[in-house]
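Asker: Have a look at the structure that comes next, please.
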């Protein structure tokens, strides 16, 4: 049974491969496993391996499906933007005590955020 993520409190973690596969659904829309396999780079995974990853994504609530005869067409249940926001929130909650100020401070300390980028953020906040 597909449970949309929007109704779930905590997203289940995805492996990098699961994220990669979910990205195909965001980019291409609904896909059959065979179509998904055709999109894979060489060396392509075995059909059964890819099918297992897709079923895992479905079990975790990230994709749903429509039945067409004896096959399934899968589609994303969460947008890429929604996934990005929820993932960021989980990271901020877990590693920064739910403080976005601590996130920005860390980015500044690590020199991952330039003064121009910081000023751009300040301008975005002022414009809200």
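Residue numbers (the working numbering): 1143 to 1270.
Ideal Cβ placement from N, Cα and C applies to all residues, glycine included.
Source: prediction; values computed, not measured.
Taking buried to mean at least 16 other C-beta atoms within 10 Å of its own C-beta, is residue 1144 buried or exposed?
Answerer: Here the model assigns residue 1144 a pLDDT of 49, short of 50, so the residue's position is not dependable and the matter cannot be decided.
Asker: Given this structure, state the Cα-to-Cα distance separating residue 1150 from residue 1181, to the nearest angstrom.
Answerer: In this prediction, residue 1150 scores a pLDDT of 49, lower than 50, which makes its location untrustworthy; the coordinate-derived value is nonetheless stated afterwards. Using only the alpha carbons, I get a separation of about 30 Å.
Asker: What does a CB cutoff of less than 7 Å around residue 1245 pick up in its chain, not counting 5 residues either side in sequence?
Answerer: So the list reads 1234 and 1238, once near-sequence residues are dropped.
Asker: Whose C-beta lies closer than 7 Å to the C-beta of residue 1172 among residues of the same chain, with five residues either side of it excluded?
Answerer: Cβ within range, chain order: 1215, 1216 and 1217.
Asker: Using a Cβ-Cβ cutoff of less than 7 Å, which residues in the same chain neighbour residue 1199 once the five nearest sequence positions on both sides are dropped?
Answerer: Same-chain partners within the cutoff: 1160, 1163, 1164 and 1205.
Asker: Measure how close the beta-carbons of residue 1189 and residue 1209 come, nearest whole angstrom, since I'm counting them as under 8 Å.
Answerer: In fact, because the Cβ distance is near 18 Å, the residues do not count as touching under 8 Å.
Asker: Mind pulling the alpha helix (DSSP H) runs of 4 or more residues that sit fully within the segment 1192-1264?
Answerer: Runs of the alpha helix (DSSP H) inside the segment 1192-1264: 1222-1237 and 1242-1251.
Asker: Could you please give the first and the last residue of the uninterrupted alpha helix (DSSP H) stretch that includes residue 1171?
Answerer: Careful: residue 1171 lies outside any alpha helix (DSSP H) and carries neither H nor E.
Asker: Does the beta-carbon of residue 1225 have 16 or more other beta-carbons within 10 angstroms, so that it is buried, or is it exposed?
Answerer: Answer is buried; the Cβ neighbour count reaches 16.
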